[in-house]
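K.L.:
Going by the numbering used here, the letters in the sequence shown line up with residues 14 to 188, in that order.
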Amino acid sequence: MRDYKLSAVHGLRSYMWRLLQDELGWKLDDYADENGTKYVPIITPQQEKIFNAMDKPYIVYSFSRGDTGNAWFIENESGAFSVFSSDPDDIQKVINLFQTKFNRRDDSAYDLNTYVQTRLGENYRVFDYKSIKVTTVQGPQPATEEGGRRDGLITIYMTYTQSEFDDESNKRITG
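This is the structure in structure tokens:
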């Protein structure tokens with residue numbers, strides 16, 4: 014059964030978390046609240062309050078889909094990722110990491126597809142990423158209040174197709 018809560022950006026978000034752990038040494042244990050509940054620090058805006066209490070960098074994201082035009086089977090989606098930290102070096106490292114990994118078009122899509130196929134559950138397999146590129150980068154901005162966090166932004170554009178799978182044979186049947 015298809016999970017309609019998922020969008021293409023969710024596979025990208027999961028891969029980003031893996032890259033932050035592997036390349037920059039981010040640890041889930043650093044993102045625990047006072048009750049010990051751990052959170053992946055790539056979040057929707059509603060969860061910001063939890064992370065503002067922590068002294069670690071975190072990322073807030075949103076996404077939008079564009080018109081598919083006449084090629085209805087090729088979909089596109091943009092993810093906007095705001096990186097928050099009191100240390101501008103944290104922001105710069107994250108932006109540079111994502112710029113490097115996600116501005117290689119087909120090669121970036123290949124890496125993401127490999128991650129999705131080998132690391133994520135079958136609900137993510139409906140997305141077959143075709144091309145990924147970075148469309149906007151904004152370096153660390155000044156804090157809006159004294160002692161506050163700074164932020165930077167990176168926007169990533171993806172094209173992809175979606176397919177359904179036969180539950181019995183587990184083979185792609187459309188797309």
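Even for Gly, the Cβ is constructed at its ideal location relative to N, Cα and C.
Ignore the nearest five residues each way along the sequence and tell me which others in valine 53's own chain have a CB closer than 6 angstroms to its CB.
P.N.:
Trp30
K.L.:
Quickly, what does DSSP pair serine 75 with across the bridge? List them, please.
P.N.:
Ala93
K.L.:
From Ile55, Leu37, Thr50, pick the residue whose C-alpha is nearest to that of glycine 24; which is it?
P.N.:
Ile55
K.L.:
Counting C-beta neighbours from all protein chains within 10 Å, is the total for alanine 21 16 or more, i.e. buried, or is it exposed?
P.N.:
Buried, because 16 or more other Cβ atoms sit within 10 Å of the Cβ of alanine 21.
K.L.:
I need the straight-line Cα distance from glycine 188 to aspartate 43, nearest angstrom please.
P.N.:
Confidence at glycine 188 is low in this model, with a pLDDT of 47, below 50, so its placement is unreliable and the value that follows should be read with caution. Cα to Cα, the separation comes out at about 40 angstroms.
K.L.:
Alpha carbons only, please: which of Gln112, Gln60, Lys69 is nearest the one belonging to threonine 149?
P.N.:
Gln112
K.L.:
Less than 8 angstroms between the CB atoms is what I'm expecting for aspartate 103 and proline 155, so what's the real figure, rounded?
P.N.:
Rounded, the Cβ-Cβ distance is 15 angstroms, inconsistent with contact.
K.L.:
From the DSSP output, read off the bridge partner residues of glutamate 88.
P.N.:
Tyr173
K.L.:
Quickly, what does DSSP pair aspartate 164 with across the bridge? List them, please.
P.N.:
The partner list for aspartate 164 (beta bridge, DSSP) reads Phe97.
K.L.:
If you draw a straight line from the C-alpha of alanine 122 to the C-alpha of asparagine 116, how long is it?
P.N.:
Their backbone Cα atoms lie some 10 angstroms apart in a straight line.
K.L.:
If you scan the stretch 106-144 from start to end, which runs of the alpha helix (DSSP H) of 4 or more residues do you find wholly inside it?
P.N.:
Correct list: 119-132.
K.L.:
Could you give the uninterrupted runs of the alpha helix (DSSP H) lying entirely in the stretch 15-48, keeping only those of 4 residues or more?
P.N.:
For the stretch 15-48, whole alpha helix (DSSP H) runs of length 4 or above, ordered along the chain, are 21-37.
K.L.:
May I have the straight-line CA-CA distance separating glutamate 158 from aspartate 119, to the nearest angstrom?
P.N.:
Rounded to whole angstroms, glutamate 158 and aspartate 119 show a C-alpha spacing of 41 angstroms.
K.L.:
By the 10 Å Cβ neighbour count, where 16 or more other Cβ atoms means buried, how is aspartate 16 classified, buried or exposed?
P.N.:
exposed
K.L.:
Helix, strand or coil for lysine 51 per DSSP?
P.N.:
strand
K.L.:
To the nearest whole angstrom, what separates the beta carbons of glutamine 143 and threonine 172, a pair I think is in contact under 8 angstroms?
P.N.:
According to the sequence as given, residue 143 is lysine; it is not glutamine. Right, their Cβ atoms sit about 5 angstroms apart.
K.L.:
Nearest CA to the CA of tyrosine 170: which residue from Arg162, Gly152, Val147?
P.N.:
The residue with the shortest Cα to Cα distance from tyrosine 170 is Val147.
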